[in-house]
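This note's numbering runs 6 ahead of the 1-based position in the sequence shown.
Beta carbons: idealized from backbone N, C-alpha and C, even for Gly.
Here is the structure we will look at, set down as C-alpha cells.
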Amino acid sequence: MTTTRRTLLLSALTLALATGFAHAKDPKEITLGASAGPYADQIKLGIKPILEKQGYKVKLVEFNDYIQPNFALAEGSLDANAFQHIVYLKKFALEHKLALTDLIQVPTAPIALYSKKHTSLAEVKEGSTVGLPNDPTNQARALVLLDQLGWVKLRENIDPVRASEKDIAVNIKKIRILPLEAAQLPRSLGDTDYSFINGNFALASGLKLTEALVAEKIPPNYINLVAVRTADKDKQFAKDLAAAYRSREFLDITNKHFAGYVKPDYQQALQTASK
Numbered sequence: 007m008t009t010t011r012r013t014l015l016l017s018a019l020t021l022a023l024a025t026g027f028a029h030a031k032d033p034k035e036i037t038l039g040a041s042a043g044p045y046a047d048q049i050k051l052g053i054k055p056i057l058e059k060q061g062y063k064v065k066l067v068e069f070n071d072y073i074q075p076n077f078a079l080a081e082g083s084l085d086a087n088a089f090q091h092i093v094y095l096k097k098f099a100l101e102h103k104l105a106l107t108d109l110i111q112v113p114t115a116p117i118a119l120y121s122k123k124h125t126s127l128a129e130v131k132e133g134s135t136v137g138l139p140n141d142p143t144n145q146a147r148a149l150v151l152l153d154q155l156g157w158v159k160l161r162e163n164i165d166p167v168r169a170s171e172k173d174i175a176v177n178i179k180k181i182r183i184l185p186l187e188a189a190q191l192p193r194s195l196g197d198t199d200y201s202f203i204n205g206n207f208a209l210a211s212g213l214k215l216t217e218a219l220v221a222e223k224i225p226p227n228y229i230n231l232v233a234v235r236t237a238d239k240d241k242q243f244a245k246d247l248a249a250a251y252r253s254r255e256f257l258d259i260t261n262k263h264f265a266g267y268v269k270p271d272y273q274q275a276l277q278t279a280s281k
C-alpha cells in the first residue's frame, strides 16, 4: 500500500469516527431554535424550565430571520424550532425538499391594527392611509381583516390565504393602502392613519397587543407551531416537548406573560376545564 493511499484511508477513517461521535448525542440534550422575541421568550420562561425538571439540558438558539431556522433544523443543528405557521412550513419544506413536520401549535401573537393618530376605527375617513405588509401571506391576512371591518370588499370566492390588492372589488371607505415590509410597519405609525403590524414586530417595537384597535381571529392555519424533523416526530424528546406546551404550568406562564396572544385549542380546553 502506498503512503498516499494509506494517508487517504486514515483520513477517511478519522472523518467517519468523528462523524459518528458527533451524532452520538445524549438523548437528554435538546437544542431549540426560535425567532428572537416572544417565541424565544415562551421557551425561556415556560418550556425550558419544564424540560429541565425532567432532566433535559436545553439550549436555545435565537434567529433574526425566517430562513435559517428551518435549514438548521433539517441539518441537525436544532432538534426543533418555533417561529412559523403551517402554511409557511409546508411551502418552505416543499421548495427546499426538507423533511420537516409540525409537532404542536403554540400561543401566537396576532396581526392587528394600530394607530398613533386615532383612538377608534370609527375615525377612518376617505383618504385615510392604511399600512399593511407587502409579503403575500401577511398581506392576505390584513386584507381579509379589512374586508371583515367593512373598509373594503374582496371579490367573491377568493382563496383568503392568497388574497392580494388585485382582489379588492370595492374600496368602500376609499382608503389609501400602503404596502411595506412587515418589519418597517411599526415605524410607519408616525405617517399612516392605521397600520397592520405582526405581533412579534409590534412587541419588539414596544407596542402592546392589548393596545391594538382590532386583532385578527387567527385561523388554524396561521397559528404558529413547533416544527421537528419528520423522522423525529415520535421520539421521546418530541413527546416531552409537546407535553411541556400542553401543560397547566405553561398555560399559567402564557396567562401571566403573554396577554393578548391567541391560545391554541389545547390551552383553551385546559383553561375552560379549570374554571
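- Buried or exposed: where does Gln111 fall if 16 or more other Cβ atoms within 10 Å of its Cβ makes it buried? Here residue 111 refers to the residue found at position 105 when the sequence shown is read from its first residue. It counts as buried.
- Query: Is the beta carbon of Leu57 less than 8 Å from the beta carbon of His263?
  - Reply: Within the sequence shown, the letter at position 51 stands for residue 57. Within the sequence shown, the letter at position 257 stands for residue 263. Cβ atoms of Leu57 and His263: not closer than 8 Å.
- Query: Looking at C-alpha atoms only, which residue of Lys131, Glu81, Arg161 and Pro166 is the closest neighbour of Ala148?
  - Reply: As a position in the sequence shown, residue 148 is number 142, starting the count at 1. Residue Pro166 is the option with its Cα nearest to Ala148.
- Given Thr143, which residues of its chain have a CB within under 7 Å of its CB, disregarding the five upstream and five downstream residues? As a first step, residue 143 must be located in the sequence shown, where it is residue number 137. If we look at Thr143 and ignore the five residues flanking it on each side, its Cβ neighbours are Val93 and Tyr94.
- Could you check how far apart the C-beta atoms of Ile49 and Ala88 are, in whole angstroms? I think they sit under 8 Å. If you number the sequence shown from 1, residue 49 lands on position 43. If you number the sequence shown from 1, residue 88 lands on position 82. Rounded, the Cβ-Cβ distance is 7 Å, consistent with contact.
- Query: Is the region 126-135 close to the region 199-207, with three or more CB pairs under 8 Å?
  - Reply: yes
- Validate contact between the region 215-232 and the region 62-81 using beta carbons, cut 8 Å, 3 pairs: no
- First and last residue of the uninterrupted beta strand (DSSP E) at Gln190: Position 184 of the sequence shown, counted from the start, is the residue given in the question as residue 190. Here Gln190 belongs to no beta strand (DSSP E), and DSSP marks it neither H nor E.
- Query: Can you tell which of Phe98, Ala115, Phe243 and Leu104 has its C-alpha closest to the C-alpha of Tyr228?
  - Reply: Stepping through the sequence shown from its first residue, residue 228 is reached at position 222. The option with the nearest alpha carbon to Tyr228 is Ala115.
- Message: Rounded to the nearest angstrom, what separates Asp238 and Ala99 at their Cα positions?
- Response: As a working note, residue 238 is residue 232 in the sequence shown. As a working note, residue 99 is residue 93 in the sequence shown. Cα-Cα distance, rounded: 16 Å.
- Skipping 5 residues on each side, what residues in its chain have a beta carbon closer than 7 Å to that of Asp108? Here the question's residue 108 lines up with position 102 in the sequence shown. Excluding residues within five positions, the ones whose Cβ falls inside 7 Å are Ile92, Leu95, Leu231 and Ala233.
- Message: For Asp85 and Val158, I'd like the C-alpha separation in whole angstroms.
- Response: The residue given as residue 85 occupies position 79 in the sequence shown. The residue given as residue 158 occupies position 152 in the sequence shown. Taking the straight line joining both Cα atoms gives about 43 Å.
- Straight-line gap, Pro270 to Thr135 (C-alpha atoms, nearest Å): Numbered from 1 along the sequence shown, position 264 holds the residue referred to as residue 270. Numbered from 1 along the sequence shown, position 129 holds the residue referred to as residue 135. C-alpha separation (whole angstroms): 33 Å.
- Query: Given a threshold of 16 other Cβ atoms within 10 Å of its Cβ, counted over all protein chains shown, does Pro192 qualify as buried or as exposed?
  - Reply: Numbered from its first residue, the sequence shown carries residue 192 at position 186. Looking at its Cβ environment, which holds 16 or more other Cβ atoms inside 10 Å, Pro192 is buried.
- Query: Would you report the Cα separation of Ala42 and Asn70, rounded to the nearest angstrom?
  - Reply: Sequence index remark: in the sequence shown, residue 42 carries index 36 (1-based). Sequence index remark: in the sequence shown, residue 70 carries index 64 (1-based). If you take the alpha carbons of Ala42 and Asn70, they lie about 6 Å apart.
- Considering only the beta carbon of each residue, do Lys122 and Gly196 sit closer than 8 Å? Here the question's residue 122 lines up with position 116 in the sequence shown. Here the question's residue 196 lines up with position 190 in the sequence shown. Yes, Cβ-Cβ distance for Lys122 and Gly196 is below 8 Å.
- How many Å lie between Ala208 and Gly39 at the Cα? Residue 208 sits at position 202 when you count from the first residue of the sequence shown. Residue 39 sits at position 33 when you count from the first residue of the sequence shown. Distance between the alpha carbons of Ala208 and Gly39: 21 Å.
- Exposure label - Val176; buried when at least 16 CB within 10 Å: To locate residue 176, count along the sequence shown from 1; it is residue 170. Flag for Val176 reads exposed.
- Message: Just verifying my parser: in three-state terms, what is the DSSP assignment at Thr104?
- Response: Locating residue 104 in the sequence shown gives position 98, where the first residue counts as 1. The amino acid occupying residue 104 in the given sequence is Leu; Thr does not appear at that position. Leu104 falls in the coil class under three-state DSSP.
- Query: To the nearest whole angstrom, what separates the beta carbons of Arg252 and Tyr272, a pair I think is in contact under 8 Å?
  - Reply: Taking the sequence shown and counting its residues from 1, one reaches residue 252 at position 246. Taking the sequence shown and counting its residues from 1, one reaches residue 272 at position 266. The pair is a contact, with the Cβ atoms about 5 Å apart (cut-off 8 Å).
- Could you spell out the range, first to last residue, of the beta strand (DSSP E) harbouring Glu68? Residue 68 sits at position 62 when you count from the first residue of the sequence shown. Start and end: Lys63 to Phe69.
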